[in-house]
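In the numbering used here, the protein residues as written are -19 to 252. Even for Gly, the Cβ is constructed at its ideal location relative to N, Cα and C. These notes are about the structure you will find just below.
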């Protein structure tokens, strides 16, 4: 089993970065955690990251001399961790204790793994309690409790998927070595780059997986702001042109997926 590095690209979003850096689920991670500041305009970001890294022996930070964009930043991180698996983690997330272990368990259980993602409140189809929606955190629940609720609903469970979600995405070094990095020329600012990578990985004989028994909170859209809708429309068109059968494949996967049934059990659990 290779070593694992958690890569967290940062661009402003001070409150979100502080919340993630201070959450127990990140602080208990025994693997290297690498923050990469993508030339944030908020000077307090650098101060915060220095403080966080000085108080956690396995936390480190890098700063881009100029803004590389989301994809350029994570590509830099993946290239620097040249013998490790990586987990790309958005700065607007909150992780529960044991989240890395949940993903690593799938990595160890399967061969030819490309990527793995958990479920979330806001991760497209992989959202609970309502897939496809940006769900709020269930009232009265913490991230830890949502993680435990999913495990109560499904035990340790996962399924092969067409794609995974870039808010929290485990990527194996074997897949990176064969497939390459994210496509900066097309997806420079983000959105769609992880889908393109997943589809290229499938073409190369790898598989993607969704962990149905782990939950990571995702605030979503903090990094992109108002420009996201335009970016989403543009990059969706690129994806369709690059992978013409993607939409039909996605519909077929979602129809047969167990995500919806897990989401329904989760919904019943949090309402009981």
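Item                                                                                                                                                                                             : Value
Residue 147 and residue 53: beta carbons closer than 8 angstroms?                                                                                                                                : no
Based on the DSSP secondary-structure assignment, which residues constitute the bridge partners of residue 187?                                                                                  : 93
Can the beta-carbon of residue 246 be found closer than 8 angstroms to that of residue 130?                                                                                                      : yes
Among 158, 79, 11, 197, whose alpha-carbon lies nearest the alpha-carbon of residue 268?                                                                                                         : There is simply no residue 268 to check, as the chain begins at -19 and stops at 252 in what is shown.
Quick one: residues in its chain with C-beta nearer than 6 angstroms to the C-beta of residue 171, no 5 flanking neighbours on either side, listed in chain order?                               : 211, 212, 215
Please check the pair residue 38 and residue 13, which I expect to be a contact at CB under 8 angstroms, by giving their CB distance rounded to whole angstroms.                                 : 6 angstroms
Are the CB atoms of residue 16 and residue 150 nearer to each other than 8 angstroms?                                                                                                            : no
Does the Cβ-Cβ distance between residue 191 and residue 96 come in under 8 angstroms?                                                                                                            : yes
Kindly list the residues whose CB is nearer than 6 angstroms to the CB of residue 182, restricted to its own chain and excluding five residues on each side of it in sequence; keep chain order. : none
With distances taken from CA atoms, which of 228, 94, 251 is nearest residue 154?                                                                                                                : 94
Tell me residue 17's beta-bridge partners as DSSP assigns them.                                                                                                                                  : -10, 43
Give the C-beta separation of residue 240 and residue 111 to the nearest angstrom, bearing in mind that I take them to be a contact with Cβ-Cβ under 8 angstroms.                                : 6 angstroms
Going by DSSP in three states, residue 103 sits in which element: helix, strand or coil?                                                                                                         : strand
Which of the three DSSP states is assigned to residue 240 in this structure?                                                                                                                     : helix
Excluding sequence positions up to five away, which residues of its chain have a Cβ less than 8 angstroms from the Cβ of residue 59?                                                             : 161
Classify residue 203 as helix, strand or coil using the three-state DSSP reduction.                                                                                                              : Caution applies to residue 203, whose pLDDT of 49 falls short of 50 and renders its modelled position unreliable; the value that the coordinates give is listed next. Looking at residue 203 - three-state DSSP - the assignment turns out to be coil, as it is neither helix nor strand.
Excluding sequence positions up to five away, which residues of its chain have a Cβ less than 6 angstroms from the Cβ of residue 99?                                                             : 106, 108, 195
Starting from the Cα of residue 28, find the closest Cα among 1, 47, 8 and give me that residue.                                                                                                 : 1
Can you find the residues in the same chain that come closer than 8 angstroms, C-beta to C-beta, to residue -10, ignoring five residues on each side of it along the sequence?                   : -3, 15, 16, 17, 18, 20, 25, 29, 71
Using the beta-carbon count (16 or more within 10 Å), is residue 65 buried or exposed?                                                                                                           : buried
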